[in-house]
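For reference, the structure is listed below as structure tokens.
Right, here's the structure in full:
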């Protein structure tokens, strides 16, 4: 496996994938569907964040578990893109995912595989890799799904390791793992991000207005769940709250071609801005611009620097 690498931004992907994107005239049952040549990309939340950082002119190291021939292909793809990696041996074979766009309707169908089962020994190996790669001031980003067998408390355990090394942890999560974080606040979490549906599920009530999302996020920050809490509101942009202040940033109006990768582009833009000592509102705005840029690209393509910076002026920040 590759050697530890010190870095300002370290992304963690426990359940990476090789992503295939193609299109067919129609998606119908039972028939053989004639598809276009697939686009093949490295995938998984943390990997896509690292790729977005590079496309925006920065550099992040992707720490990931790999297995089998698909894992080797994944490392090859990342090398070709110029993304530095810290890879460790995971269980089983690295998964694949497939997205198919139906050209007749414009609808996109996304098929996501679960990935191999993990054991406690695999989790321990992942944490050792983090310990060797994170240092004082590193922004550690955990994004993407957890493999089967990894406990929902993993993010809390990771937070303890990050604290011990003076690093900052950014978490983009959902489901049981998000609920576990909300129940047991950890001072090490710098930023917690979720989308509006996840926020409403966690709150147990609708959050129809920006002010509702901001108040909920501010309450989480006040409880110590994270220093900053971000709620992504889809076409309505994103809200960021600390325990004492909130901002909303509207997304730029673009023709939406594919939303795949928009969330990872947001996290990449936000993290890169933070690594460059931007203020919280400017980091929020840069993340929203990156997400808007990603929505205007095809298939699994992410944001790029030129498009993101061109959209910045259209992403209006409002203090709530």
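Residue numbers (UniProt numbering): 1 to 320.
Cβ coordinates follow ideal geometry from the N, Cα and C atoms, glycine included.
Just so you know, these numbers come straight off a predicted model, no measurement behind them.
In this structure residue 141 touches residue 46 by the C-beta definition: roughly 6 Å separates them, less than 8 Å. Residue pairing by DSSP places residue 17 opposite 43 and 95 in a beta bridge. By the Cβ neighbour-count rule, residue 224 is exposed, with fewer than 16 other Cβ atoms within 10 Å of its own. Residue 249 has 238 and 317 as its beta-bridge partners, per DSSP. Looking at the DSSP output, residue 113 sits in no beta bridge, so it has no partner there.
For residue 195, the enclosing beta strand (DSSP E) covers residues 189 to 195. Exclusion of the five residues before and after residue 78 leaves 42 and 85 as the residues of its chain whose Cβ lies within less than 6 Å of its Cβ. In this structure residue 196 is buried. Its beta-carbon is surrounded by 16 or more other beta-carbon atoms within 10 angstroms. Closest in C-alpha terms to residue 123, from the list 97, 154 and 101, comes 154. Residue 152 and residue 53 have their C-alpha atoms roughly 27 Å apart. Residue 56 and residue 272 do touch by the CB rule: their CB atoms are close to 5 Å apart, below 8 Å.
For residue 61, the uninterrupted beta strand (DSSP E) segment begins and ends at 61 to 66. At the C-beta level, residue 143 and residue 11 come within 8 Å of one another.
Three or more Cβ pairs closer than 8 Å define a contact, and the region 209 to 219 falls short of that threshold against the region 167 to 181. By the neighbour-count criterion, in which 16 or more other beta carbons inside 10 Å mark a residue as buried, residue 29 falls on the exposed side. Note on geometry: alpha-carbon atoms of residue 139 and residue 165 lie some 11 Å from one another. In the assembly as shown, residue 72 is an exposed residue. Its beta-carbon has fewer than 16 other beta-carbons within 10 Å.
Taking each of 113, 194 and 128 in turn and checking the Cα distance to residue 93, the smallest one comes out for 113. Only residues of its own chain outside the window of five on either side were considered, and among them 24 have a CB closer than 6 Å to the CB of residue 33, listed in chain order.
When only Cα atoms are considered, residue 82 and residue 193 end up about 27 Å apart.
Excluding sequence positions up to five before and after residue 97, its CB lies within less than 8 Å of the CB of 17, 18, 19, 20, 43, 110, 111, 112 and 113, all in the same chain and listed in chain order.
In the three-state DSSP reduction, residue 30 falls in the coil class, being neither helix nor strand. Per DSSP, the unbroken beta strand (DSSP E) holding residue 143 starts and ends at 139 to 143. Taking a contact to require three or more Cβ pairs closer than 8 Å, the region 58 to 72 and the region 100 to 109 do not qualify as touching. Short of 6 Å from the beta carbon of residue 167, and not among the five residues preceding or following it, lie these beta carbons of its own chain, in chain order: 134, 138 and 140.
Leaving aside the five residues that flank residue 115 on each side, the residues in its chain whose CB is nearer than 6 Å to its CB run, in chain order, 15, 95 and 147.
As DSSP reads the structure, residue 172 sits in a beta bridge with 143 and 193. By the neighbour-count definition (other C-beta atoms within 10 Å, threshold 16), residue 121 is an exposed residue.
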